[in-house]
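In what follows, a structure is listed as structure tokens, so that the remarks can point back to it.
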Amino acid sequence: MNLLRRQLLGTVGATTVLPLAGARAQFGSTPPLRIGVLRDQSGPYSGGTGATSIACVRQAIEEFGATSRGVAVEVNSSAATADLTGRVCSPNGIHWTYDTWMLANCTGNAVVRTGGDSWFFIVANFAFGHALERDTANAVRKAGGRVLSRAAHPAPGTTDYSSYLLQAQASRAKVIGLAHAGEDAVNTIKQAAEFDIVRSGQRLAALLLYINDVHAIGLPTARGLMLTESFYWDLNERTRSFTQRVLPKTGGQRPNMSQAGCYSVTLHYLKAAADMGVAEAKRNGAATVARMQAMPTDDDVFGPLRIRQDGRKLHPVYLFRVKTPEASRGPWDYYELMATTGTEEAFRPLAEGGCHLIAGRSRSGNEAIGWALPTREAGSAKHVVS
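Just so you know, we're using this note's numbering here: the sequence shown kicks off at 24 and counts up by one.
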């Protein structure tokens, strides 16, 4: 298994949209654009990805006006490691919504600044969990905090977190960092409430948790939890407008940052394909990615922003605290904004990622192996858009 495949399998919870390389037209003179949405539809991460991601992609296609433009688009039903814009960066990929460095930086730094200067990590024992722990530990230390210890659990599928929570309690760390996601995070938070961990004075910092997870946990249990997202449905007028438009397709579920990111990246990809011509976009994926990077981005999810040279999409990131039941004004009114990290500060500095696309850098042999995936024709690309 090569490096890229390990990264993708290890980080299935993020926003990933793949315009499929080498696909052939089945109807009409212009080949259809086929968009593959790699999401967990029924497993432990489906609550934060799943059907709402597909709904957001379809919303973008509808608003783009594909039918009126004569563009055929098919949707065929993700990766979060920061290495995708670092040592295994590629001219064929754009990383869109979040990565482990962003989650770690925007959570770790902010929590340390508010007094949470000693940490214990509960870690999912696979690539994503380790990357999230590593990046958060670095952010905590850089901010002047300490990492006291850690406990790793099999993932996904662990159901009893009592031994890990007892270790965290015994460490007397001020903050318990949860370096996992999906059902693992939900179950840990529920069991932490049974141990009265938060009421006893320790904080829980969820390093990847979505509003859908908070909805499943409930405010009485999730109250006070700190988490980071780059999108919140009630953040401003544009996010509220997008949410109202997509709600009929989601059954009333508010989209999280990963799901809303599917809308954002799909819309930008379609704009780029239309700008350069659908046939050319189908023929040359690398050129399509280059066009996406050259064009400024603007949508109701993230606003007007840009894509960096290493393929990193930039936008502000927000630290939220989950409201108490008394403070909530109604369903899905769950977040209190605590801090905003600006566009340039939220993501890893360009010079620190080790991306060979940056001027003056060369790619090592191991990095080349990481992206050695076969394509069906010269010039086609696998667009990894997370």
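Glycine is no exception: its CB is placed at the ideal position from the N, C-alpha and C atoms.
Keep in mind that this is a model prediction, so the values were computed, not measured.
Supposed contact pair residue j and residue i - C-beta distance, whole angstroms, cut 8 Å
{"i": "Arg246", "j": "Thr347", "result": "5 Å"}
{"i": "Ile117", "j": "Met315", "result": "6 Å"}
{"i": "Lys16", "j": "Ile240", "result": "This structure cannot settle anything about residue 16, because the visible part of the chain is limited to 24 through 409."}
{"i": "Gly284", "j": "Cys112", "result": "Wrong, their Cβ atoms sit about 19 Å apart, outside the cutoff."}
{"i": "Leu293", "j": "Phe87", "result": "4 Å"}
{"i": "Ala369", "j": "Asn128", "result": "7 Å"}
{"i": "Leu56", "j": "Ala83", "result": "The Cβ separation is near 12 Å, so there is no contact."}
{"i": "Leu250", "j": "Phe343", "result": "6 Å"}
{"i": "Leu231", "j": "Val345", "result": "That belief does not hold up - the Cβ atoms of Leu231 and Val345 are roughly 15 Å apart, past 8 Å."}
{"i": "Pro278", "j": "Thr75", "result": "5 Å"}
{"i": "Ala304", "j": "Ala296", "result": "4 Å"}
Coarse secondary structure for residue i, derived from DSSP in three states
{"i": "Met318", "result": "coil"}
{"i": "Ile220", "result": "coil"}
{"i": "Val80", "result": "helix"}
{"i": "Phe87", "result": "helix"}
{"i": "Leu342", "result": "strand"}
{"i": "Gln190", "result": "helix"}
{"i": "Gly200", "result": "strand"}
{"i": "Asp298", "result": "helix"}
{"i": "Ala420", "result": "Lying before the first or after the last residue shown, residue 420 is absent from the chain, which here runs from 24 to 409."}
{"i": "Val111", "result": "coil"}
{"i": "Val96", "result": "strand"}
{"i": "Gly308", "result": "helix"}
{"i": "Arg329", "result": "strand"}
{"i": "Gly353", "result": "coil"}
{"i": "Glu116", "result": "Note on identity: in this sequence residue 116 is Gly, with Glu being the wrong assignment. Residue state, collapsed to three classes: strand."}
{"i": "Arg164", "result": "helix"}
Residue range of the unbroken beta strand (DSSP E) whose run includes residue i
{"i": "Val60", "result": "Leu56 to Val60"}
{"i": "Gln143", "result": "The amino acid occupying residue 143 in the given sequence is Phe; Gln does not appear at that position. It spans Ser141 to Ala147 - the beta strand (DSSP E) in which Phe143 sits, taken as one unbroken run."}
{"i": "Tyr358", "result": "Tyr358 to Thr364"}
{"i": "Arg169", "result": "Arg169 to His176"}
{"i": "Glu260", "result": "First-last for Glu260: Glu260 to Thr273, but that is the alpha helix (DSSP H), not the beta strand (DSSP E)."}
{"i": "Leu230", "result": "Element bounds for Leu230: n/a, residue is neither H nor E."}
Classification of residue i by the beta-carbon crowding that lies within 10 angstroms, buried from 16 upward
{"i": "Ala317", "result": "exposed"}
{"i": "Asn259", "result": "exposed"}
{"i": "Leu412", "result": "Lying outside 24 to 409, the shown extent of the chain, residue 412 is not represented and no answer is given."}
{"i": "Gly167", "result": "exposed"}
{"i": "Ser281", "result": "buried"}
{"i": "Thr244", "result": "buried"}
{"i": "Ser223", "result": "exposed"}
{"i": "Thr108", "result": "buried"}
{"i": "Ser185", "result": "exposed"}
{"i": "Gln267", "result": "exposed"}
{"i": "Gly138", "result": "exposed"}
{"i": "Tyr358", "result": "buried"}
{"i": "Glu375", "result": "exposed"}
{"i": "Asp219", "result": "exposed"}
{"i": "Asp236", "result": "buried"}
{"i": "Ala154", "result": "buried"}
{"i": "Ser253", "result": "buried"}
{"i": "Leu126", "result": "buried"}
{"i": "Gly308", "result": "buried"}
{"i": "Gln276", "result": "buried"}
{"i": "Arg352", "result": "exposed"}
{"i": "Arg81", "result": "buried"}
{"i": "Arg371", "result": "buried"}
{"i": "Thr320", "result": "buried"}
{"i": "Thr90", "result": "exposed"}
N-terminal and C-terminal residue of the alpha helix (DSSP H) that residue i is part of
{"i": "Ile381", "result": "No alpha helix (DSSP H) holds Ile381; DSSP gives it neither H nor E."}
{"i": "Thr251", "result": "Looking at the DSSP string, Thr251 is not in any alpha helix (DSSP H); the run it does join, the beta strand (DSSP E), is Met249 to Glu252."}
{"i": "Thr347", "result": "Segment: none, Thr347 is in no alpha helix (DSSP H) and carries neither H nor E."}
{"i": "Leu412", "result": "The first residue shown for the chain is 24 and the last is 409, placing residue 412 beyond what the model contains."}
{"i": "Thr181", "result": "First-last for Thr181: undefined, no H or E at that position."}
{"i": "His238", "result": "Ile234 to Ile240"}
Proximity test, residue i beta-carbon vs the ligand MG heavy atom, cut-off 7 Å
{"i": "Ile381", "result": "This structure lacks the ligand MG, and indeed carries no ligand of any kind."}
Minimum Cβ-Cβ distance from residue i to chain C less than 8 Å
{"i": "Ala162", "result": "Within the model displayed, chain C is absent; a lone protein chain is all it includes."}
Exercise for review: Pair every Cβ in the region 259-272 with every Cβ in the region 321-328, then say whether three or more of these pairs are closer than 8 Å.
Suggested key: yes
Point to revise | At least three beta-carbon pairs within less than 8 Å, the region 149-169 to the region 197-205 | key: yes
Review point. Is the region 167-176 touching the region 143-151, taking contact as three or more C-beta pairs under 8 Å?
Key: yes
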